[in-house]
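Student: Supplied in structure tokens, the structure appears directly below.
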Amino acid sequence: MSTEIKINDRTALVEILSREGNKVRISIDGKQYDADVVMVEKGVYSILLDNRSHNIELIHTENKNYKLNTYSKSYDIEIIDAETKYLKSRRRDDSQEEAVISSPMPGKVVKILVKVGDQVKAGDTVVIVSAMKMESEYKVKKDRIIKDIKVKEGDTIKANQPLVIIE
Amino acid sequence: MSTEIKINDRTALVEILSREGNKVRISIDGKQYDADVVMVEKGVYSILLDNRSHNIELIHTENKNYKLNTYSKSYDIEIIDAETKYLKSRRRDDSQEEAVISSPMPGKVVKILVKVGDQVKAGDTVVIVSAMKMESEYKVKKDRIIKDIKVKEGDTIKANQPLVIIE
Amino acid sequence: MIKKVLVANRGEIAIRVMRSCREMGITSVAVFSEADRAAMHVRYADEAYFIGPSPSSESYLVVDKIIDAAKQSGVDAIHPGYGFLSENADFAERCKKEGIIFIGPSSYAIKTMGDKLTARKTMVNAGVPVVPGSDLVTDEKDAVKKAKEIGLPVMVKASAGGGGKGMRLVNKEKDLVSSIRAAKSEAKASFGDDTIYIEKYIESPHHIEFQILGDHHGNVIHLFERECSVQRRHQKVVEETPSPLMNPEIREEMGNFAVAAAKAVNYSGAGTIEFIVDDKLNYYFLEMNTRLQVEHPITERVVGVDLVKEQINIANGFELELKQDELHQYGHAIECRIYAEDPEENFMPSPGVIRHITEPLGLGVRHDGYVYEGYEIPIHYDPMISKLVVWAKTRQEAIARMKRALYAYKITGVKTSIPFLERIMETPDFVKGKYNTHFIEKNSDFLMFPKKHDKKIEDVAIIAAYIDYLDSLEDLQASVCAGNGKNNWKNCQRRLSFNRL
Amino acid sequence: MIKKVLVANRGEIAIRVMRSCREMGITSVAVFSEADRAAMHVRYADEAYFIGPSPSSESYLVVDKIIDAAKQSGVDAIHPGYGFLSENADFAERCKKEGIIFIGPSSYAIKTMGDKLTARKTMVNAGVPVVPGSDLVTDEKDAVKKAKEIGLPVMVKASAGGGGKGMRLVNKEKDLVSSIRAAKSEAKASFGDDTIYIEKYIESPHHIEFQILGDHHGNVIHLFERECSVQRRHQKVVEETPSPLMNPEIREEMGNFAVAAAKAVNYSGAGTIEFIVDDKLNYYFLEMNTRLQVEHPITERVVGVDLVKEQINIANGFELELKQDELHQYGHAIECRIYAEDPEENFMPSPGVIRHITEPLGLGVRHDGYVYEGYEIPIHYDPMISKLVVWAKTRQEAIARMKRALYAYKITGVKTSIPFLERIMETPDFVKGKYNTHFIEKNSDFLMFPKKHDKKIEDVAIIAAYIDYLDSLEDLQASVCAGNGKNNWKNCQRRLSFNRL
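Chains as they are written, first to last, in the working numbering: chain A, 16 to 182; chain B, 16 to 182; chain C, 678 to 1178; chain D, 678 to 1178.
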């Protein structure tokens, strides 16, 4: 049985053909590999493929998502198994979902420049977040109305936490 | 409620008086301590006591037993809670239990010099174990009869695994 | 004799100072904010004192709290590290009043060198070259005259200026008058003041600094230069010594001026004289840093000294044992600063939990860091994780060694500048040693150019992720303890207990 | 030009060799046994080849398997490291036949120096001093005469001897005859052969070795000495350079003899001439190690060379760039070998899983290791975990630095020799630099003396264990998923999933 795996922008079709101990025969988009796969440390894999030694470090971020480093590059990977597919199919294709302003970095809310009900213009700064001595301004891309504000000045926030809801 | 804790040869009476976050008030053999206790890494504790910074590394070996390193010394610690006490009280005080020869180091069985039924004399070597290029001989302390042999030559053994049973 | 030292800092520098203390048999005392209870400097110290909330303005920067901790712990001296209170003249003065040795220069030296104008005047009086420039002028003719005296190109700057406003670069004499007028009118419009001054514009500027040490007996020596021109947003990224630009004659000249600069303020302790240097090796005093620098290890390695020990010995009132004519630069050292930031996302800070770390080791590698597996890098402080310092006999070998060390240095959980630093080590301008402070800007295309796509590596990544997914699925199934049989329940407990180990 | 190298070894030395390969742009190939699939040298290499079962006699020592891997991977050269096949003349010869460069000396040099008697004769011919001794004698009067010629004290040794049998130390002339008789009769009884020989007994012996490098063009240089007298069961424990015993004149003499010794066998590559030296600085050739030594890093640090790079350059046929009169010893370096063994249990080997490791870092510290958290040290190989190397300007500072590094070096899961090494650094004889190969025996009381009992530390240990116990109890209770409600079950799953992260 094949599984779809999304790696950055590519979606690959993956199937385990056989597995015995750390010896794995696997097909990726029709190409067959014989790999020797060992988890040597928590989240660190040593993979021998045609005698080449590869070191992969991965973090299981959420659900079936991984962040993964090889020597040369970082990847985002998602395993799209039956369950994921089912959940994705159920998700309404609603492009009019409410928009959320969030910060990709954790930090502290330095300033909130709007209040609920404000009409803001494209490019207006809504919130300023600071981390490690660096401030980042988060702006709206289009003219919007502020629907809700989820944090207050001085709050410590996690990465990608909703800060301001706009519509 | 106090708990008995065995540390090397000493048994201490320990009671948590209060605990809030990492601030612990604890009584050990009647002496009261206010300690700031944080597990900083898996199995590594940072303890501040009267502003002294202590680093303790511990391994949970089995049941309620710990091996523990401070800078200056190693300790074996056992938590003797109600359950342990109960189990200990049930254990028959039977000093005539069958004797077991084992190796405190893991390794490989190089040679077994006896067979079941053999009569051996005090000081006779029963089994030779090798690890890391070093061989260790295990002898009987008194005249004995070999009751059972649990391993064979070439076997890889764990530390303290029963090798030869004598009576 | 100093027997106990409070280190009024955190992170790698706090640990670095404590290491030297330990070697000298000195007890070290840490201070920590709320965010830093589990920080390595607290674990490494002999004693540790809590000094307040996480923001440094409420903890590491509060003089009274530091002094309180110093008194409680009964230390003889305070080492300020770099940043925080290290260049605070009032703090140095306060220590003195409290009878605690401040491991650094006098508050007079800090104050004099801390004010740019006073520092410039002091240097001029001491005969140290400064960037040629005029006093403040309002009259247009005066301005033109001054500009010609200084020699083109010049920068015309508004006295009240800032943010590039009222600033004009003049390359040709024919543009002089119009530029001065434009600068003046812009300054007037922006700041309501059309006073301007004129400064020589340094083309291809290099940032080269000299390490100095002075004792309480009037001895001052320099420990040669550090090349710090690889900068991003005025933040140093890579430093090396010797500077590829330098030659022995200029080195001696600049070293002598560095000593003269320090003597001009009766400097004691470790300090750094920063120069701006052009391609023709004209050099001008820029400023003095009256503390230990982040990049001090490259000097330690090439000259063979422990600068923190020297600082403590000086604070003890000892005479310098190092003599200028016995000092030599031996081999080549490079430092890379490792930041928790995402080079692919415009260097956005990346605080978070360190999931896994492999530190580079081996011949010629020094690593000064403070993070560990499971440690959460707080949002409150500087994003620098560690400093990777390599030494080799030649510059070429040092670059190869740095590449090897960066290759082996792995951190997961937070993004770091490691890939960016690897790219710097491969940039032809850097490899040739032909670079100035415009290096990163000039080479941004090369530095940001993504590494070539390798489909096979991508497939290897897929294998790792998929196997991990399958194995954790299996673990989960094995661990789900729906719990209807006694046996099953026991297994569950055992597994949980095992997981905890 | 060597572009790809197979490293026929494991552990720290394999990684150390690969590091230099990486700096030289050379592709490195690892070989591994069953036990070593997850070993660091496999992870660090560019390529890796499986060569058989865990016992080294079935993998790392099997010439055919190494050669197979070399051919499969298409390497230009093989680096043997130390141990295993590094001093196997047949292996060197085989490499030559297969057209693979052996990074080491010729099989002739290995063979000549590998046989003690041949080596001794070669040295005598080359004018290198050897321990004075007789040829084999059977006649009692001859023996007495020889003994007097050599000068007391002497050792009378059975030619066929071993294990101390037929061996007599003679201090006084009056005991000479009786001792010779006793030795002869014991030899006769034990080995059926009463042939004996007589050798000068070296009192207070020091083990001092000289690093040499020779190229294919007849150039040989020495890189000064290493003092290796701190030994336990003839195993080196601590090494340092310069030797505290040495003076410049003797150093030059011995260095010249080391060069002469190497030239006598047309030596090429890196090698070591071991001398036995008495308190009066009389020195005698002991043996030559025709490979890289475990303790080579202290020479690298003090002389400023990368010996593996030198080896590879020599193997490439390049002429040595280093010139004898340009080489200097700078500062002082000490190496401690960290073994997985329990000093409190008669140094019993302690293989097992590394639960936690904190490596010492910072100024002047080099750490060459190979274990990592979660790695299981196998039972099949040498118990050495890593080598801790420090450098400082003076010997005294180097000792302080080593103590600081050992203090910060933490390993849990296996027992290590770290506490024993810390004790050595505190032993007055070591601190004064007054020691010989009897050091550990002589100071065994001090070295084994338990650290003083500190009840407060014991109580801190109790606190840590009890809190850990209580917290894991709580975790367990929260995780026990008796599973009668759906909610509960979900929580359980989430926790398991979280535990895995």
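The C-beta atom is built at its ideal place from N, Cα and C for all residues, glycine as well.
On a predicted model such as this, the values are computed, not experimentally measured, just so you know.
How many whole angstroms separate the CB atoms of residue 875/D and residue 827/D, which I take to be in contact at a CB cut-off of 8 Å?
Tutor: Along the fourth sequence, read from residue 1 onward, the residue named residue 875/D stands at position 198. Along the fourth sequence, read from residue 1 onward, the residue named residue 827/D stands at position 150. Going by Cβ atoms, the distance from residue 875/D to residue 827/D rounds to 6 Å, so yes, they are a contact pair.
Student: Could you give the DSSP three-state label for residue 70/A: helix, strand or coil?
Tutor: Counted from its first residue, the first sequence places residue 70/A at position 55. DSSP places residue 70/A in strand when its eight states are reduced to three.
Student: Just to confirm my understanding: we take residue 864/C, look at its own chain, exclude 5 residues before and 5 after, and list those with CB closer than 8 Å. What are they?
Tutor: Mapped onto the third sequence, residue 864/C falls at position 187. Excluding positions up to five away in sequence, the list reads 835, 836, 837, 838, 842, 843, 870, 871, 872, 873.
Student: Using the Cα positions of residue 825/D and residue 801/D, report the straight-line distance between them to the nearest angstrom.
Tutor: Taking the fourth sequence and counting its residues from 1, one reaches residue 825/D at position 148. Taking the fourth sequence and counting its residues from 1, one reaches residue 801/D at position 124. Each residue's alpha carbon lies about 21 Å from the other.
Student: Starting from the Cα of residue 50/B, find the closest Cα among 58/B, 41/B, 57/B, 56/B and give me that residue.
Tutor: Here residue 50/B corresponds to residue number 35 of the second sequence, with the count starting at 1. Nearest in C-alpha terms to residue 50/B, of all of 58/B, 41/B, 57/B, 56/B, is 41/B.
Student: Check whether chain D comes within 9 Å of residue 77/B, counting only Cβ atoms and requiring the distance to be less than that.
Tutor: Taking the second sequence and counting its residues from 1, one reaches residue 77/B at position 62. It does not: the Cβ of residue 77/B has no partner Cβ on chain D nearer than 9 Å.
Student: Consider the Cβ of residue 36/A: report whether some Cβ of chain E lies at a distance smaller than 9 Å.
Tutor: Here chain E cannot be found, since the structure's protein chains are A, B, C and D.
Student: Along the chain, which unbroken stretches of the alpha helix (DSSP H) at least 4 residues long are found entirely within the segment 26-65 of chain A?
Tutor: Complete alpha helix (DSSP H) runs here, min 4: none at all.
Student: Whole angstroms is fine: what's the gap from residue 1147/C's alpha carbon to residue 118/B's?
Tutor: Here the question's residue 1147/C lines up with position 470 in the third sequence. Here the question's residue 118/B lines up with position 103 in the second sequence. About 38 Å.
Student: Compare the C-alpha of residue 821/D against each of 855/D, 791/D, 790/D, 807/D and name the closest.
Tutor: The residue labelled residue 821/D in the question sits at position 144 within the fourth sequence. Taking only the C-alpha atoms, the option nearest residue 821/D is 855/D.
Student: Within 10 Å of its beta-carbon, does residue 12/B have 16 or more other beta-carbons around it, so buried, or fewer, so exposed?
Tutor: Outside the shown range of chain B (16 to 182) lies residue 12/B, about which nothing can therefore be said.
Student: Which residues, in chain order, does the segment 29-60 of chain B contribute to contact with chain C at a C-beta distance below 8 Å?
Tutor: Residues of the segment 29-60 of chain B with a Cβ closer than 8 Å to any Cβ of chain C, in chain order: 37, 51, 53, 55, 56, 57.
Student: Per the contact definition of three or more C-beta pairs closer than 8 Å, is the segment 730-747 of chain C in contact with the segment 73-89 of chain B?
Tutor: Remark: fewer than three beta-carbon pairs, one from each stretch, lie closer than 8 Å, so the segment 73-89 of chain B and the segment 730-747 of chain C are not flagged as touching.
Student: Expressed to the nearest angstrom, what Euclidean distance is found between the alpha-carbon atoms of residue 799/D and residue 989/D?
Tutor: As a working note, residue 799/D is residue 122 in the fourth sequence. As a working note, residue 989/D is residue 312 in the fourth sequence. C-alpha separation (whole angstroms): 27 Å.
Student: Counting only runs that start and end within the segment 776-858 of chain C, where is the alpha helix (DSSP H) found for 4 or more residues in a row?
Tutor: With a minimum length of 4 residues, the unbroken runs of alpha helix (DSSP H) contained wholly in the segment 776-858 of chain C fall at 784-791, 793-802, 817-827.
Student: Pick out whichever of 885/C, 983/C, 713/C, 935/C has its Cα sitting closest to the Cα of residue 694/C.
Tutor: Taking the third sequence and counting its residues from 1, one reaches residue 694/C at position 17. Among 885/C, 983/C, 713/C, 935/C, the Cα nearest to that of residue 694/C is on 983/C.
Student: Using a Cβ-Cβ distance under 9 Å, would residue 175/B count as near chain C?
Tutor: Position 160 of the second sequence holds residue 175/B. Residue 175/B does not count as touching chain C.
Student: State the start and end residues of the unbroken beta strand (DSSP E) segment that holds residue 897/C.
Tutor: In the third sequence, counting from the first residue as 1, residue 897/C sits at position 220. Note, residue 897/C: beta strand (DSSP E), 897-909.
Student: Closer than 7 Å between beta carbons: that is the criterion. Which residues of the segment 1088-1114 of chain D meet it against chain B?
Tutor: Listed by position, the residues of the segment 1088-1114 of chain D near chain B (Cβ gap below 7 Å) are 1089, 1090.
Student: So if I threshold CB-CB distances at 8 Å, which residues from the segment 739-763 of chain D count as touching chain A?
Tutor: 749, 750
Student: Can you give the Cα-Cα distance for residue 71/B and residue 37/B, rounded to whole angstroms?
Tutor: For the purposes of this step, residue 71/B is taken as residue 56 along the second sequence, with counting starting at 1. For the purposes of this step, residue 37/B is taken as residue 22 along the second sequence, with counting starting at 1. Roughly 15 Å between the two C-alpha positions.
Student: Please confirm whether residue 1057/C has its beta-carbon closer than 9 Å to some beta-carbon of chain A.
Tutor: In the third sequence, residue 1057/C corresponds to position 380, counting from 1. It does; some Cβ of chain A falls within 9 Å.
Student: Among residues of its own chain, excluding the 5 on either side of residue 920/C, which ones have a beta-carbon nearer than 8 Å to its beta-carbon?
Tutor: Mapped onto the third sequence, residue 920/C falls at position 243. 883, 885, 902, 903, 904.
Student: What are the boundary residues of the alpha helix (DSSP H) that residue 741/D is part of?
Tutor: In the fourth sequence, residue 741/D corresponds to position 64, counting from 1. Where residue 741/D is concerned, the enclosing alpha helix (DSSP H) stretches over 740-750.
Student: Please confirm if the segment 164-171 of chain A is in contact with the segment 126-137 of chain A, defined as three or more CB-CB distances below 8 Å between the two stretches.
Tutor: yes
Student: I'd like to know if residue 63/A contacts chain D, where contact means its C-beta is closer than 9 Å to some C-beta of that chain.
Tutor: The count along the first sequence starts at 1 and reaches residue 63/A at position 48. With 9 Å as the cut-off, residue 63/A counts as an interface residue toward chain D.
Student: In the segment 1044-1099 of chain D, which residue ranges form an unbroken beta strand (DSSP E) of at least 3 residues, counting only runs that do not cross its ends?
Tutor: 1061-1069, 1087-1089
Student: Check the Cβ-Cβ distances between residue 737/C and every residue of chain B, and say whether any is below 9 Å.
Tutor: Looking up residue 737/C in the third sequence gives position 60. For residue 737/C, no Cβ of chain B is located within less than 9 Å of the residue's own Cβ.
Student: Is it true that the CB of residue 914/D sits closer than 9 Å to the CB of residue 1094/D?
Tutor: On the fourth sequence, position 417 is the one that residue 1094/D refers to. On the fourth sequence, position 237 is the one that residue 914/D refers to. In this structure, residue 1094/D places its C-beta atom within 9 Å of the C-beta atom of residue 914/D.
Student: Sorted by chain position, which residues of the same chain lie with C-beta nearer than 6 Å to residue 978/D's C-beta, five sequence neighbours on each side aside?
Tutor: Residue mapping note: residue 978/D aligns to position 301 of the fourth sequence, counting from 1. So the qualifying residues of the chain are 1010, 1068.
Student: Output the distance between the C-alpha atoms of residue 1086/C and residue 1139/C, rounded to the nearest integer angstrom.
Tutor: Against the third sequence, residue 1086/C aligns to sequence position 409. Against the third sequence, residue 1139/C aligns to sequence position 462. One C-alpha to the other measures close to 23 Å.
Student: What number of angstroms, rounded off, separates the C-alpha of residue 1026/C from the C-alpha of residue 1098/C?
Tutor: Stepping through the third sequence from its first residue, residue 1026/C is reached at position 349. Stepping through the third sequence from its first residue, residue 1098/C is reached at position 421. Each residue's Cα considered, the two are about 16 Å apart.
Student: How about residue 1052/C: is its C-beta nearer than 9 Å to some C-beta of chain B?
Tutor: What you label residue 1052/C is simply residue 375 of the third sequence in a count that begins at 1. Closer than 9 Å: yes.
Student: Is residue 719/C close to chain B, meaning its C-beta is less than 9 Å from at least one C-beta of that chain?
Tutor: Here residue 719/C is taken as the residue at index 42 of the third sequence, counted from 1. By this cut-off, residue 719/C is an interface position.
Student: For the segment 67-91 of chain B, which residues have a beta carbon sitting closer than 7 Å to at least one beta carbon of chain C?
Tutor: 67, 68, 70, 75
Student: Would you identify the three-state DSSP class for residue 990/C, choosing helix, strand or coil?
Tutor: If you number the third sequence from 1, residue 990/C lands on position 313. DSSP places residue 990/C in helix when its eight states are reduced to three.
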